[in-house]
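Chemist:
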Amino acid sequence: MATIKDVAELTGLSIGTVSRVLNNRGYISQKTRKKVDDAMKKLNYQPNAIARSLSKSSSNIIGVIIPLLDNPFFASLLSAIENELESRGYQLLLFISDGDGKKESELLRECKRNRVAGIVLCSGNFEAMKISDLDVPVVSIERSRKNSSVSIECDNYKGGGLACRHLYQAGSRNIVYVYGAQDYPMPADARQSGFEDACRELGLETKIYKADSENFHQQDYFELLARVFDENPGMDGLFCSSDMIAAQALKMASKRGIAVPDELKIVGFDDSIIAVLTTPELTTIHQPVDEMASLAIGSLLSSIKTRSFSSTSVVVDVHLVERGSTVHGR
785 MATIKDVAEL TGLSIGTVSR VLNNRGYISQ KTRKKVDDAM KKLNYQPNAI
835 ARSLSKSSSN IIGVIIPLLD NPFFASLLSA IENELESRGY QLLLFISDGD
885 GKKESELLRE CKRNRVAGIV LCSGNFEAMK ISDLDVPVVS IERSRKNSSV
935 SIECDNYKGG GLACRHLYQA GSRNIVYVYG AQDYPMPADA RQSGFEDACR
985 ELGLETKIYK ADSENFHQQD YFELLARVFD ENPGMDGLFC SSDMIAAQAL
1035 KMASKRGIAV PDELKIVGFD DSIIAVLTTP ELTTIHQPVD EMASLAIGSL
1085 LSSIKTRSFS STSVVVDVHL VERGSTVHGR
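Here the working numbering is used: the first residue of the sequence shown is 785, the next is one more, and so on.
(1) When you compare the CB positions of Ser855 and Ala786, do they come within less than 8 Å of one another, or not?
(2) If you draw a straight line from the C-alpha of Phe1023 to the C-alpha of Lys825, how long is it?
(3) Output the distance between the C-alpha atoms of Tyr961 and Lys991, rounded to the nearest integer angstrom.
(4) If you count every other CB in all the chains shown that lies within 10 Å of the CB of Leu1061, and 16 or more means buried, which is it?
(5) Determine, using beta carbons only, whether Ser1026 comes closer than 8 Å to chain B.
(6) With a CB to CB cut of under 7 Å and the five nearest residues on each side skipped, what residues in its chain are close to Met913?
(7) Note down, in chain order, each residue of its chain lying with its Cβ closer than 6 Å to the Cβ of Leu1079, except the 5 sequence neighbours on either side.
(8) Tell me the rounded alpha-carbon separation between Leu838 and Ile959.
(9) Alpha carbon to alpha carbon, how far is Glu793 from Leu1084? Give it in angstroms, no decimals.
(10) Can we say the segment 1033 to 1053 touches the segment 995 to 1015, given the rule of at least three CB pairs closer than 8 Å?
(11) Shortest alpha-carbon distance to Ser924 belongs to which of Glu998, Leu1048, Leu862 and Tyr874?
(12) If we require 3 or more residues per run, which beta strand (DSSP E) segments fall completely within the segment 942 to 997?
(13) Quick check: the Cα distance between Ser1087 and Val934, rounded to an integer number of angstroms?
(14) Hey, quick one: how far does the alpha helix (DSSP H) through Gly1021 stretch, first residue to last?
(15) Three Cβ pairs or more, each shorter than 8 Å: is that satisfied between the segment 977 to 986 and the segment 1055 to 1074?
(16) Can you tell me whether Gln1117 is helix, strand or coil according to DSSP?
(17) Does DSSP put Met913 in a helix, a strand or coil?
(18) Reducing DSSP to helix, strand and coil, say where Asp1054 ends up.
(19) Less than 8 Å between the beta carbons of Leu1066 and Ser1109, yes or no?
(20) Which whole-angstrom value is the C-beta distance of Arg957 and Leu988, which I expect to be below 8 Å?
(21) Starting from the C-beta of Ala864, find all residues in its chain whose C-beta is less than 6 Å away, skip the five residues before and the five after it, and write them out in chain order.
(22) By alpha-carbon positions, which one of Gly1021, Met1019, Asp1020 and Ala1031 ends up nearest to Tyr1005?
(23) Quick one, which of Arg817, Gln1002, Val1111 and Val920 has its alpha-carbon nearest Asp882's?
(24) Three-state secondary structure (DSSP) at Ser1095?
(25) State buried or exposed for Ser798, treating a residue as buried only when at least 16 other CB atoms are found within 10 Å of its CB.
(26) Restricting to Cα atoms, I'd like to know which of Leu1034, Pro971 and Asp822 is closest to Ser907.
(27) Sorted by chain position, which residues of the same chain lie with C-beta nearer than 7 Å to Val791's C-beta, five sequence neighbours on each side aside?
(28) Suppose you measure from the CA of Lys1035 to the CA of Asp973; what does that come to, to the nearest Å?
(29) Throw me the rounded Cβ distance for the Phe1053 and Arg975 pair, which I believe falls under 8 Å.
(30) Helix or strand or just coil, what does DSSP make of Cys938?
(31) DSSP three-state call for Ile925: helix, strand or coil?
(32) Following the continuous beta strand (DSSP E) through Val904, name the residue where it begins and the one where it ends.
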């Protein structure tokens, strides 16, 4: 594997000069830059962005912390964030927290050790003091507002109401809500509030089942769903707080010989890729992942440039996408 020393030897330049070219420090002639670029291509030399950041007070590296990758929502969000960063000349340093509080704290320290320019926080219940100690801007996506310079979240409350009203309009009267929860408050908790308020307006009884954090991190809701089906034999509408839960509910209904949407109508949340891979396809609340990623990265890079860490929040709109789990022919 080629090193900076190999590049220096091939160009006839000093290691210090090559380093200045790589880090864009001081005046470097176009002739020298081209010589270094040509040597790097010939040697297939790839500068280590993290190592370079350690020699500077800042970097073009953005730390991204997510809880898990095997949920389509987080996979889509990560892809959108990476695309935004790449288009703006920044690199991504990814951390998977597994929802472990101790690990999340260590990941924050790891971000600081790697001198990231900023952090996109999609996981954790970090204390505000821990965030402020980093001295870099932090943008959170669907996480607690108090822990970031900028918070980006969707209109979870509206989404919960949309789901309930759609099920009612589709003919459901015995509607149950199943949601996956963390051990701490989350913006997504507002989906329940929206659902409950809509139920009250429509004169419906509220029936709510909560999955525990272990279900969330294992992405396995079958045991909980079995209890939901057992305890609600007359259930004709089911709202799930994620497409992952909704997809497993579809499978559970199929195993029990319950026809969807004739006997049971199901609505998910996120509008992830999984929503169009099920049979029937899932009606779901569309969460605008690309827009959220664009707002998050734009706000983060603006904070990096201005060194302004003022706290603001942005709530983006959601809408319902009708598919075959509630409406025939969709």
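The C-beta atom is built at its ideal place from N, Cα and C for all residues, glycine as well. Everything numeric in this text was worked out from a predicted model, so none of it was measured.
Modeler: Quick answer:
(1) At residue 855 the sequence reads Asn, which differs from the Ser that was named. No, they are not a contact pair.
(2) The alpha-carbon of Phe1023 is positioned some 54 Å away from that of Lys825.
(3) Between Tyr961 and Lys991, the alpha-carbon positions lie close to 6 Å from each other.
(4) It is exposed - the Cβ of Leu1061 has fewer than 16 other Cβ atoms within 10 Å.
(5) In summary, chain B is missing from the structure at hand, where a single protein chain is found.
(6) Below a pLDDT of 50, predicted positions are generally treated as unreliable, and Met913, at 44, falls in that range; the measurement from the model is reported next regardless. Excluding five sequence positions before and after Met913, none of the CB atoms of its chain fall closer than 7 Å to its own CB.
(7) Closer than 6 Å at Cβ, skipping near neighbours: Ile936 and Val1098.
(8) Only weak support is given to the placement of Leu838: the predicted model assigns it a pLDDT of 48, under 50, and the question is left unresolved by the model.
(9) Rounded to whole angstroms, Leu1084 to Glu793 spans 39 Å at the Cα level.
(10) Pairwise C-beta distances place the segment 1033 to 1053 in contact with the segment 995 to 1015, as three or more of them are shorter than 8 Å.
(11) Checked all of Glu998, Leu1048, Leu862 and Tyr874; the closest Cα to Ser924 is Leu862.
(12) Counting whole runs of 3 or more residues, the segment 942 to 997 contains the beta strand (DSSP E) stretches 959 to 964 and 991 to 995.
(13) Ser1087 and Val934 have their C-alpha atoms some 9 Å from each other.
(14) Unbroken run through Gly1021 is the beta strand (DSSP E), Gly1021 to Cys1024; no alpha helix (DSSP H).
(15) By the Cβ criterion, the segment 977 to 986 is not in contact with the segment 1055 to 1074, since fewer than three pairs of Cβ atoms, one from each stretch, lie closer than 8 Å.
(16) Since the displayed the chain opens at 785 and closes at 1114, residue 1117 lies outside it and no answer follows.
(17) Any reading at Met913 must be qualified, since the residue scores a pLDDT of 44, below 50, and its modelled position is unreliable; the value itself is stated next. For Met913, the secondary structure class from DSSP, reduced to helix, strand or coil, is helix.
(18) Correct three-state label for Asp1054: strand.
(19) Closer than 8 Å, so yes.
(20) About 7 Å separates the two Cβ atoms, so the contact holds.
(21) The answer, listed in chain order, is Val1073, Asp1074 and Ala1077.
(22) Comparing Cα positions, the closest option is Ala1031.
(23) With distances taken between Cα atoms, Asp882 lies closest to Gln1002.
(24) Three-state result, Ser1095: coil.
(25) Under this definition Ser798 is an exposed residue.
(26) Residue Pro971 is the option with its Cα nearest to Ser907.
(27) The residues Val802, Val820, Ala823, Met824, Leu827 and Tyr829, in chain order, have a CB closer than 7 Å to that of Val791 in the same chain once the five nearest residues on each side in sequence are set aside.
(28) About 25 Å.
(29) Going by Cβ atoms, the distance from Phe1053 to Arg975 rounds to 7 Å, so yes, they are a contact pair.
(30) DSSP places Cys938 in strand when its eight states are reduced to three.
(31) Ile925: strand per DSSP, three-state reduction.
(32) Start and end: Gly902 to Leu905.
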